[in-house]
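K.L.:
If you read the sequences in order, they're chains A and B. By the count of our numbering, the first sequence reaches residue 279 at its end, each step adding exactly one. By the count of our numbering, the second sequence reaches residue 479 at its end, each step adding exactly one.
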Amino acid sequence: MMEQVVLMKNKNNKKKFAYEPKFTERKDYRPEGVKETGLVFVGHEISEDRTVMNQFLHYDQLYTIRHGWNSKFFIGLLEGKIMGTRCPKCGDTWVPVRTHCWNLNCKLERTEWVEMPLTAKVHTWTVAGWSGRSSLKRLPIVLVYAIIGDSKVAIANELHGINPWDVEFGMPLKVVFKPKEQRVGAVTDFHFEPADGWKPSPMTEEKERIKKLVEPVYEWVKTLK
Amino acid sequence: MTRKVCVVGGATTPFDYGPTGFETIEGGAAECVKETQRDIPDFSLRDLDLMIYSHFSVHFGHQLAPEWIIHDHLGLVGLPHYRVENGGNTGGSALYAAALAVMSGHHDVVGIIGWETMDSVSQSQGSEFIAMASDTRYELMVGGIYPIYYAAMANKWMKDNKVTEEDVATIAVKNKNNAMDNPKAQWYRNEHRYITVDDVLNSKLISYPIKKYDCCLMSRGVAFVLVCCEEYAKKVNPDGYVTIDGMGLSSCTIRAGDRLNNPTWAERYGPGYPEMTEFGACRCSAEQAYKMAGIENPLKEIDFGEIHDAFSTSEAQIYKALGLANTDNIAQFIRDEQTHLHGSIPMNPGGGLIGYGHPVGATGLMSTIECFYQLSGLIPKKHLSRKTEVPDAMCGIVNSHAGTGTSISNFILRRH
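#1: Note down, one range per segment and in chain order, each beta strand (DSSP E) of at least 3 residues found wholly within the region 93-117 of chain A.
#2: Rounded to whole angstroms, what is the Cα-Cα separation between A/M55 and A/M170?
#3: Kindly say whether B/H255, judged by its beta-carbon, lies nearer than 8 Å to any beta-carbon of chain A.
#4: Over what stretch of residues does the beta strand (DSSP E) that includes B/G72 continue unbroken?
#5: If you draw a straight line from the alpha carbon of B/T480 to that of B/M216, how long is it in whole angstroms?
#6: Is the distance from the Cβ of B/F396 to the Cβ of B/Y382 below 8 Å?
#7: Taking C-beta pairs closer than 7 Å, name the residues in chain B that A/E90 reaches, listed in chain order.
#8: Could you give the distance in angstroms between the alpha-carbon of B/G284 and the alpha-carbon of B/P422?
#9: Going by beta-carbon coordinates alone, are B/A248 and B/G418 separated by less than 8 Å?
#10: Flag A/K206 as yes if its beta-carbon sits less than 8 Å from any beta-carbon of chain B, otherwise no.
#11: Please report the straight-line C-alpha distance between A/R80 and A/N124, rounded to a whole angstrom.
#12: What's the C-alpha gap between A/N211 and B/E228?
#13: Given B/M166, which residues of its chain have a CB within under 7 Å of its CB, disregarding the five upstream and five downstream residues?
#14: Can you tell me whether A/I100 is buried or exposed? The criterion is at least 16 other CB atoms within 10 Å of its CB, across all chains shown.
#15: Threshold first: 4 residues or longer. Then list the alpha helix (DSSP H) segments lying entirely within the region 258-340 of chain B, N to C.
#16: Would you list, in sequence order, the uninterrupted beta strand (DSSP E) runs of no fewer than 3 residues that lie entirely inside the region 146-182 of chain B?
#17: I'd like to know if B/S470 contacts chain C, where contact means its C-beta is closer than 8 Å to some C-beta of that chain.
#18: Hey, is B/T75's beta-carbon within less than 8 Å of any beta-carbon in chain A?
#19: For B/E89, which residues in the same chain have their Cβ closer than 6 Å to its Cβ, ignoring the five residues on either side in sequence?
#20: Hey, B/T83 and B/G73: beta-carbon distance below 8 Å or not?
#21: Cβ of A/N157 less than 8 Å from any chain B Cβ?
#22: Do B/Y304 and B/V71 come within 8 Å of each other at the CB atom, strictly closer than that value?
#23: I want to see whether chain B comes within less than 8 Å of A/E169, judged by CB atoms only; does it?
#24: With DSSP collapsed to three states, give me the class of A/C144.
#25: Along the chain, where does the beta strand (DSSP E) that runs through B/Y251 open and close?
#26: Bridge partners of A/A174, per DSSP?
#27: Please go through the same chain and pick out, in chain order, the residues whose beta-carbon is closer than 8 Å to the beta-carbon of A/A240, but skip the five residues on each side of it.
#28: Can you tell which of B/L111, B/F192 and B/S375 has the C-alpha that lies nearest to the C-alpha of B/H144?
#29: Using a Cβ-Cβ distance cut-off of 8 Å, determine whether A/S125 contacts chain B.
#30: Could you tell me whether the region 108-128 of chain B touches the region 176-195 of chain B, using the rule of 3 or more Cβ pairs below 8 Å?
#31: So that I know if they touch, is there some Cβ in chain B lying closer than 8 Å to that of A/A240?
#32: Does DSSP put A/M56 in a helix, in a strand, or in coil?
#33: Three-state secondary structure (DSSP) at B/M64?
#34: Using a Cβ distance threshold of 8 Å, determine whether the region 109-116 of chain A contacts the region 84-96 of chain A, with at least three qualifying pairs required.
#35: I need the DSSP call for B/D391, collapsed to helix, strand or coil.
#36: Please confirm whether B/Y271 has its beta-carbon closer than 8 Å to some beta-carbon of chain A.
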């Protein structure tokens, strides 16, 4: 479906190329006590011999990410749906979505929205024992690239409900959403879990190896404040 | 090629996480230029007619357009300048830009300065900064950091190619131990010890199958490379200049998961390539570079390389993407230590990102400089001994790499 490009005039009678969105639904998920402080010097240190000085500059900025034509995917997450896109010409389907077809013969054809099934399979996987600052407490993380429905591409997300050493290539998955009130319209609103009825295969040498690598991670995470 | 492009000199500051001795970016840049001037005394800053700056992320430097600080400090007011940014391939892309400038005939002497000051934040925060080059809408909050994306790709690649954890660990060992002969390398300056495969296997889990010692080092560092036309090279460094005989630059999807059925790659290399495991952009840019340099058998015709070993696993993947081995023999190729100093094509004798360090904007230039040193006979002067010198090296490859293989460049350098 093509969105209309509309020429409007604003109050100064200047041409505009899109509607100003009217936002009627708003939520603030910011944790209590967190506000934007902007850039601020918060301290410094000077070496004993006074030849080196370190200054501490703190950043805290709020960004607005406008999704525009991608919005249906993120709104879909709020509603517990995985929305994909499909090219009406060649039929290729994607999650993560593409708003125009990747096939050069389709000449950037605008894609149409399709609701995807909540089933997937593992394409490849890893078990993370270290990560970025905001993910440390969630370690060890099982990250999979999984193919949802008939998507041509794989999407990255966490796999829960499994021992890290039990993941398998090609294993069937289901998409599981957080409870509605906890969703924020981001990919973290859902994760994967093994499909109902799936059972891990017996321990192997590789599984033992991963177990050995992962065990210290559980202990280390407990020590994090 | 319309005009020959040469590399005549270059230097880096020490790479480190913490003090290098040249903490300010402009101080580090000045010291790199001064070292180059000591190597080639006839080079004057007055000779430059273009400066290209190679810098990845202003997040680390809390300074927009930081190149203006360096340019001004070097006394280059009036000289044209611009910055190149292309993720981990920033250094390679800056070299590509400089080579194009000389090749076109519009510029004769081009300086490139690259840097990153990644120790301005904690390692976990720094990893998140870099991960902002992944698709922040779909991947940043679930994977968190690049080692995890790389590990997922490597896990499948290793299964598909029958390459083991031990195999890739030998690459990490090689690079860290090579760095023990390079006093500017971060591994030399910090942990400073020779390691074994067991040390790698027993180091802590980063993301299976990648362990801590399989990873490159997050660094502070600055580098300078001097690129020019042949006439100028003959003037300032007639006995030591090298030529850039081939170069290639290519791209792949930002999200590795989007590579499974990409129609453009399918058209070029057949369905299912590069999947999520091969570096299509590396293969493609290497093919361009080989063609330009007239190389038909890279394994035979290239003597050594300085390649982008962000992880030991990705160095192994790059061997294959460069056409040095295929699915049938890649595991044996690694086990035979073909890329060790005693092998047929030593890789990263300077230590690579795993040993030397990875201050992103400086990294591709560091690789270029190490390659240049090998080809111009400067290794005994720059390293601690001749141990890491590739004997009679005539031809080297420089590889620079970004994202999860999202942008990759390759260069063929030859001794004149």
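Built from N, CA and C at the ideal position, the CB exists for glycine as well.
P.N.:
Judging by the given coordinates:
#1: Positions of the beta strand (DSSP E) runs, each at least 3 residues long and wholly inside the region 93-117 of chain A, are given as 94-100 and 107-112 in order along the chain.
#2: Taking the first residue of the first sequence as position 1, residue 55 of chain A is located at position 1. Taking the first residue of the first sequence as position 1, residue 170 of chain A is located at position 116. At A/M55, the pLDDT of 43 sits below 50, so the modelled position is not reliable; the number obtained from the coordinates is stated separately. One alpha carbon belongs to A/M55, the other to A/M170, and they sit about 17 Å apart.
#3: Taking the second sequence and counting its residues from 1, one reaches residue 255 of chain B at position 192. No - not a single Cβ of chain A is within 8 Å of the one on B/H255.
#4: As a position in the second sequence, residue 72 of chain B is number 9, starting the count at 1. Following the DSSP letters along the chain, one finds B/G72 inside the beta strand (DSSP E) bounded by residues V68 to T75.
#5: In the structure displayed, chain B extends from 64 to 479; residue 480 of chain B sits before or after that span and is not available.
#6: Within the second sequence, residue 396 of chain B is the residue found at index 333, counting from 1. Within the second sequence, residue 382 of chain B is the residue found at index 319, counting from 1. Contact flag set, yes.
#7: Here the question's residue 90 of chain A lines up with position 36 in the first sequence. Listed by position along chain B, the residues whose Cβ is nearer than 7 Å to that of A/E90 form an empty set, because the closest Cβ is around 17 Å away.
#8: As a first step, residue 284 of chain B is located in the second sequence; it is residue number 221 there, counting from the start. As a first step, residue 422 of chain B is located in the second sequence; it is residue number 359 there, counting from the start. If you draw a straight line from the Cα of B/G284 to the Cα of B/P422, it comes to about 6 Å.
#9: Taking the second sequence and counting its residues from 1, one reaches residue 248 of chain B at position 185. Taking the second sequence and counting its residues from 1, one reaches residue 418 of chain B at position 355. In contact: B/A248 and B/G418 (Cβ atoms closer than 8 Å).
#10: Translated into the one-based positions of the first sequence, residue 206 of chain A becomes position 152. At least one chain B Cβ lies under 8 Å of A/K206.
#11: Numbered from its first residue, the first sequence carries residue 80 of chain A at position 26. Numbered from its first residue, the first sequence carries residue 124 of chain A at position 70. Computed Cα separation, rounded: 18 Å.
#12: Here residue 211 of chain A corresponds to residue number 157 of the first sequence, with the count starting at 1. Here residue 228 of chain B corresponds to residue number 165 of the second sequence, with the count starting at 1. Their backbone Cα atoms lie some 24 Å apart in a straight line.
#13: Translated into positions along the second sequence, residue 166 of chain B becomes position 103. Within the same chain, and ignoring the five residues on either side of B/M166 in sequence, the residues whose Cβ sits closer than 7 Å to its Cβ are M64, T65, R66 and V68.
#14: As a first step, residue 100 of chain A is located in the first sequence; it is residue number 46 there, counting from the start. Flag for A/I100 reads exposed.
#15: The qualifying runs are 260-265, 293-299 and 326-332.
#16: Segments of the beta strand (DSSP E) lying fully in the region 146-182 of chain B: 172-180.
#17: Considering every chain present, this structure includes no chain C. Its protein chains are A and B.
#18: Here residue 75 of chain B refers to the residue found at position 12 of the second sequence. For B/T75, the answer is no, since every Cβ of chain A falls outside 8 Å of its Cβ.
#19: As a working note, residue 89 of chain B is residue 26 in the second sequence. Non-local C-beta neighbours of B/E89 in its own chain, meaning closer than 6 Å and more than five positions away in sequence, comprise I132, I133 and H136, ordered along the chain.
#20: On the second sequence, position 20 is the one that residue 83 of chain B refers to. On the second sequence, position 10 is the one that residue 73 of chain B refers to. No. Outside cutoff.
#21: Here residue 157 of chain A is taken as the residue at index 103 of the first sequence, counted from 1. With 8 Å as the cut-off, A/N157 counts as an interface residue toward chain B.
#22: One-based indexing of the second sequence puts residue 71 of chain B at position 8. One-based indexing of the second sequence puts residue 304 of chain B at position 241. Closer than 8 Å, so yes.
#23: Position 115 of the first sequence, counting from 1, holds the residue named residue 169 of chain A. Residue contact with chain B for A/E169: absent (no Cβ-Cβ distance below 8 Å to any residue of chain B).
#24: Numbered from its first residue, the first sequence carries residue 144 of chain A at position 90. Per DSSP, reduced to three states, the secondary structure at A/C144 is coil, with no helix or strand assignment.
#25: Locating residue 251 of chain B in the second sequence gives position 188, where the first residue counts as 1. Taken as a continuous stretch (DSSP letters only), B/Y251 belongs to no beta strand (DSSP E), being part of the alpha helix (DSSP H) at Q249 to R252.
#26: Taking the first sequence and counting its residues from 1, one reaches residue 174 of chain A at position 120. Paired residue(s): A/I202 and A/L227.
#27: Taking the first sequence and counting its residues from 1, one reaches residue 240 of chain A at position 186. Answer for A/A240: F128 and L131, listed in chain order.
#28: Here residue 144 of chain B refers to the residue found at position 81 of the second sequence. The shortest Cα separation from B/H144 among B/L111, B/F192 and B/S375 belongs to B/L111.
#29: What you label residue 125 of chain A is simply residue 71 of the first sequence in a count that begins at 1. With 8 Å as the cut-off, A/S125 does not count as an interface residue toward chain B.
#30: Counting Cβ pairs under 8 Å, three or more are found: they touch.
#31: Mapped onto the first sequence, residue 240 of chain A falls at position 186. Cβ-Cβ to chain B under 8 Å: yes for A/A240.
#32: Position 2 of the first sequence, counted from the first residue, corresponds to residue 56 of chain A. Its pLDDT being 46, under 50, A/M56 is placed unreliably in this model, and the coordinates cannot settle the point.
#33: Mapped onto the second sequence, residue 64 of chain B falls at position 1. Low confidence applies to B/M64: its pLDDT is 49, below 50, so where it sits in the model is not reliable enough to give any reading.
#34: Put simply, the region 109-116 of chain A touches the region 84-96 of chain A. At least three CB pairs are less than 8 Å apart.
#35: Taking the first residue of the second sequence as 1, we reach residue 391 of chain B at position 328. DSSP places B/D391 outside both helix and strand once states are collapsed to three, so it counts as coil.
#36: One-based indexing of the second sequence puts residue 271 of chain B at position 208. Yes - at least one Cβ of chain A is within 8 Å of the one on B/Y271.
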